[in-house]
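Residue numbers (this note's numbering), protein chains in the order written: chain A, 1 to 202; chain B, 203 to 404.
Report on one structure; see the data block that follows.
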């Protein structure tokens, strides 16, 4: 529901308009499907507003989410909405010198490199919507410090919305977020012996 | 997870490949956010596969989801992926003669008209992915007969995936669906007095 009355009116010294436009940290977690697809669906709205969008894909495989990536790149290049910049951990991150790959960066080091770039981009206000896809995992595994993430998000300048996806979002992140949705599996085709298929899973 | 091993291998006489490509009925339900955004995120994958996509928006307001609509239209018109056809109940459905509006069609009648068109398009195999956005409501309210929906979906020809969104999806639909995700609200900005904002809610 896009419209509605809030449940409480906080005593925060903000006007309704100021409060309405406060940037959000959103988290999509849980074991069900739809966490990333909903984040990319949200990116369509941001694109329509003309916002610069940065996607950071914190997964090892470079092949995941190729459909979303191609669609958002076509949208970004159309010149009719916001720009889209897509960063993939699975390809060793675009800003890292290629010769680093000679030494095969570990997933843990790669996730940390990704987070360092997110911090730089937040400080520089490069984007207005940041999708940190599957970023819950490196926090859950202790590769990236949750307390630092929460502090950096809390102190980020300007009007930057951040969406974080992934199972097992740490409680501290959930406590710090403005919008948290849990996707639960009620039923999945794999339970009935059906494997993933094109157009649906990728 | 796009890859993985199914929990069971059913004795259904199908090869793994046949079973894998069996068309799905997916339902996104629950009171949390992300039901529609995840459906439109899924449409990005279908678009990337070059599939014709039909969206039927079963909501009264013509203004909802303008971001998703514009993005998917730009994608459909890009010629780089599948086509996109977008039908809005809020504008009286495009296929209905405009003079019908003189008599102001009720939401109930409009929802029924939408379902009749979905039936025609399923029979004609017009699309390969159908997004029936907010279609759970007219079923929940008894405007459209759930048993008929389940039978039509069960008997649909060809390879047509159907995604249905909305709170309160009827149990019969859930029983008949292949993939059901419940979006639950863990936390929402409105709980803290923050109303919806552009780029996030629309």
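Where is the CB? At the ideal position from N, CA and C, for every residue including glycine.
### Task
With DSSP collapsed to three states, give me the class of residue 177 of chain A.
coil
### Query
Taking C-beta to C-beta, are residue 261 of chain B and residue 274 of chain B nearer than 7 Å?
no
### Task
Show which residues of chain B have a CB atom less than 8 Å away from the CB atom of residue 16 of chain A.
397
### Query
So residue 43 of chain A packs on residue 178 of chain A, CB below 8 Å; how close in whole Å?
Wrong, their Cβ atoms sit about 17 Å apart, outside the cutoff.
### Task
Would you please verify whether the beta carbon of residue 51 of chain A is less than 7 Å from any beta carbon of chain B?
yes
### Contact list for residue 70 of chain A against chain B, beta-carbon separation under 9 Å
246, 249, 250, 282 and 283
### Message
Taking 7 Å as the threshold (C-beta atoms), are residue 282 of chain B and residue 242 of chain B in contact?
### Response
no
### Query
When you check each C-beta in the region 159-173 of chain A against every C-beta of chain B, which residues fall closer than 8 Å?
161
### Message
Any beta carbon from chain B within less than 7 Å of residue 23 of chain A's own beta carbon?
### Response
no
### Task
Anything in chain B within Cβ reach of residue 62 of chain A, meaning under 7 Å, just list it in chain order.
Here the premise fails: no neighbours, minimum Cβ distance about 13 Å.
### Message
Quick check: residue 111 of chain A and residue 144 of chain A, are their CB atoms within less than 7 Å of each other?
### Response
yes
### Message
On the CB-based measure, 16 or more other CB atoms within 10 Å of its CB, does residue 326 of chain B come out buried or exposed?
### Response
exposed
### Query
Would you say residue 38 of chain A and residue 240 of chain B are within 7 Å of each other, going by their C-beta atoms?
yes
### Through-space distance from residue 316 of chain B to residue 114 of chain A, alpha-carbon basis
46 Å
### Query
Which residues in the same chain as residue 174 of chain A place their Cβ atom closer than 7 Å to its Cβ, once the five residues preceding and following it in sequence are excluded?
27 and 180
### Task
Consult DSSP for residue 228 of chain B and reduce its assignment to one of helix, strand or coil.
strand
### Query
Looking at the structure shown, is residue 249 of chain B part of a helix, part of a strand, or coil, going by DSSP?
helix
### Task
Determine the direct distance from the alpha carbon of residue 272 of chain B to that of residue 249 of chain B, and round the result to whole angstroms.
14 Å
### Task
For chain B, find out if any of its Cβ atoms is closer than 7 Å to the Cβ of residue 180 of chain A; answer yes or no.
yes
### Message
Using 7 Å as the threshold, is the C-beta distance between residue 165 of chain A and residue 36 of chain A below it?
### Response
yes
### Query
Does residue 309 of chain B have its Cβ less than 7 Å from a Cβ in chain A?
no
### Query
Taking any Cβ of chain B, which residues in the region 112-140 of chain A have a Cβ under 8 Å from it, in chain order?
128 and 129
### Contacting residues, own chain, Cβ-Cβ under 6 Å from residue 186 of chain A (five flanking each side not counted)
none
### Query
In chain order, which continuous runs of the alpha helix (DSSP H) of length 4 or greater are located wholly inside the region 64-117 of chain A?
66-77
### Message
Helix, strand or coil, according to DSSP, for residue 259 of chain B in the structure here?
### Response
strand
### Rounded C-alpha distance that separates residue 215 of chain B from residue 401 of chain B
48 Å
#### Entry: Unbroken beta strand (DSSP E) run spanning residue 239 of chain A, endpoints
Absent from the model: residue 239 of chain A. The displayed extent of chain A is 1 to 202, so no value can be given.
### Limits of the beta strand (DSSP E) - the one that residue 161 of chain A falls within
161-165
#### Entry: Neighbouring residues, chain A, relative to residue 359 of chain B (Cβ below 9 Å)
Here the premise fails: no neighbours, minimum Cβ distance about 18 Å.
### Message
With H, G and I counted as helix, E and B as strand and the rest as coil, what does DSSP make of residue 186 of chain A?
### Response
strand
### Message
Between which two residues does the alpha helix (DSSP H) holding residue 216 of chain B run?
### Response
No alpha helix (DSSP H) contains residue 216 of chain B, which DSSP labels as neither H nor E.
### Query
Is it right to say residue 138 of chain A is buried, meaning 16 or more other beta carbons lie within 10 angstroms of its own, or is it exposed?
buried
### Query
So is residue 211 of chain B in contact with chain A if we call contact Cβ pairs under 7 Å?
yes
### Task
Determine the closest residue to residue 141 of chain A out of A:18, A:169, A:31 and A:11, with distance taken between C-alpha atoms.
A:169
### Query
In its own chain, which residues sit with a C-beta less than 8 Å from the C-beta of residue 233 of chain B, not counting the 5 before and 5 after it?
369, 385, 386 and 387
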